Amino acid sequence: MKKQEIQIVITLAIWLLATIYFIDCLFQTLSNLEFIGFSMLAFKPSFSVSPLVSKSRKYGESSKGRLFCGLHTPAYRVLNHVSKALLDSKLYGACVVMNSRGYHKHISYKSLFSVTISHGYSAVTIGARKIFAVDENTRTIYHIDATGRLAITDYYQDYDMTDVISQVSEAIEVLADCYVAPSVEAVEPKKIWWTLKEVRLDRPYHAPIKGRKVSVVAKYLRSSKKEVRWCVDWMDRDNPSNVRQEKGGWHTAYKVEIDGIVAWLPHSILGGLHNTPFTLKNQKACRLDVPEWWVLKNITANFVAPF
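Numbering (numbering that gives the first Met the number 0), first residue to last: 0 to 306.
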């Protein structure tokens with residue numbers, strides 16, 4: 000046998016012995032770790048609890064809440080935390096939120112994370128991984144922590160949700176760093192040119208007060224029985240199907256008391272179309288402008304105008 004062949008055989012033998020030794024050490028290490036209480040799941044992380052949870056739902060809309068509402072307690076702690084975190088980071092509006100239904104609540108952002116509570120069943124998902132779920136059929140809690148370790152336990156309300164909240168909080172932090180609010184371009188509303196379509200009830204015109212006017216405080220006593228009503232239809236010049244109706248009215252006169260003198264004040268002398276002096280807000284009394292000649296004629300001939 001040649002010298003070169005002998006060297007190859009020796010080299011292969013050394014590699015073979017080294018490989019056998021490495022494999023033996025690996026198995027011995029795993030055996031020691033298992034002996035002192037470490038689970039093999041630490042080296043084989045679980046991906047999702049979804050395959051472990053029953054596919055069929057036990058309760059529904061018609062089921063009484065007392066049968067399953069207690070199963071929601073752990074997930075509610077996550078839901079409340081997520082709601083507050085999203086509000087604090089101003090991301091609540093970016094997520095899909097359903098909280099109006101009694102026993103079905105849900106918060107999610109696309110495929111990043113979701114928290115769901117539905118008639119005894121509850122689940123927390125991050126990406127494609129369902130890290131927490133409560134199976135209402137078996138009343139079992141399934142939980143995968145941040146290291147990938149799977150925990151399976153019978154349901155109890157005080158289950159520690161710290162790890163679940165921590166994992167969801169990390170997802171919200173990622174969302175806060177990456178989310179860009181969509182820009183909304185302000186659209187200028189199209190100007191509508193209203194044109195007269197039909198006069199249903201003619202609208203009287205009251206010209207502004209001419210000449211000198213006086214500001215008085217008039218105490219309202221009552222209105223006249225006679226009224227004036229008007230009604231006009233308008234239409235969009237560019238879209239005749241778009242119409243609006245404008246209407247109004249007033250009493251022809253008001254019985255008032257000014258400086259202890261009672262008199263009838265005609266509406267027509269107040270001037271303006273929408274100058275209705277006595278409304279619900281100032282039904283008792285109000286200050287208004289009236290022509291000086293009316294004051295001199297009806298209140299007192301010695302009335303001194305406060306100019």
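Glycine included, C-beta positions come from ideal geometry on N, C-alpha and C.
Computed from a predicted structure; not experimentally measured.
For T152, the beta-bridge partners assigned by DSSP are I140.
A straight-line Cα-Cα distance of about 59 Å links D235 and L70.
Between D153 and T139, the beta carbon gap of about 6 Å places them in contact (Cβ cut-off 8 Å). Secondary structure at E245: strand, using DSSP grouped into helix, strand and coil. One alpha carbon belongs to A132, the other to D87, and they sit about 26 Å apart. A distance below 8 Å separates the beta carbons of V114 and L78. Straight-line measurement puts the Cα of L66 at about 8 Å from the Cα of Y58. W293 carries a helical assignment under DSSP once its states are collapsed to helix, strand and coil. Taking the Cα positions, T124 is about 58 Å away from K246. Here W14 carries a helix assignment [DSSP, helix/strand/coil]. The C-beta of Y20 has fewer than 16 other C-beta atoms within 10 Å across all chains shown, which makes the residue exposed. Fewer than three Cβ pairs drawn from the region 204-221 and the region 144-153 lie within less than 8 Å of each other, which leaves the two stretches out of contact. Taking a cut-off of 8 Å on C-beta distances, the region 212-223 touches the region 253-269, as three or more cross pairs fall below it. S214 sits exposed, since fewer than 16 C-beta atoms from the chains shown fall within 10 Å of its C-beta. In the displayed model, T275 falls within coil according to three-state DSSP, outside both helix and strand.
With fewer than 16 other Cβ atoms from the protein chains shown falling within 10 Å of its own Cβ, M97 counts as exposed. Beta-bridge analysis with DSSP links E256 to K218 and V261. A direct Cα-to-Cα measurement between W233 and D176 gives close to 52 Å.
Counting of Cβ neighbours within 10 angstroms places C24 among the exposed residues, the total staying below 16.
In the DSSP assignment, I171 falls outside any beta strand (DSSP E) and lies within the alpha helix (DSSP H) extending over T161 to C177. Straight-line spacing of the CA atoms in V261 and W192 works out to 46 Å. Using a 10 angstroms sphere on the CB of I116, the tally of other CB atoms reaches 16 or more, which defines it as buried. Nearest C-alpha to R211 among W293, N136 and E135: W293. Under DSSP, I125 forms a beta bridge with F112 and R128.
In the same chain as H105, and ignoring 5 residues on each side of it, the C-beta atoms closer than 6 Å to its own belong to M97 and T115, in chain order.
Selection W249, K109 and D201 evaluated against K224 yields W249 as nearest (Cα-Cα). In the three-state DSSP reduction, C68 falls in the helix class (H, G or I). Of the residues assessed, G64 falls on the exposed side of the cut-off, its CB having fewer than 16 other CB atoms within 10 angstroms. In this model, K196 and R228 are separated by some 18 Å (Cα to Cα).
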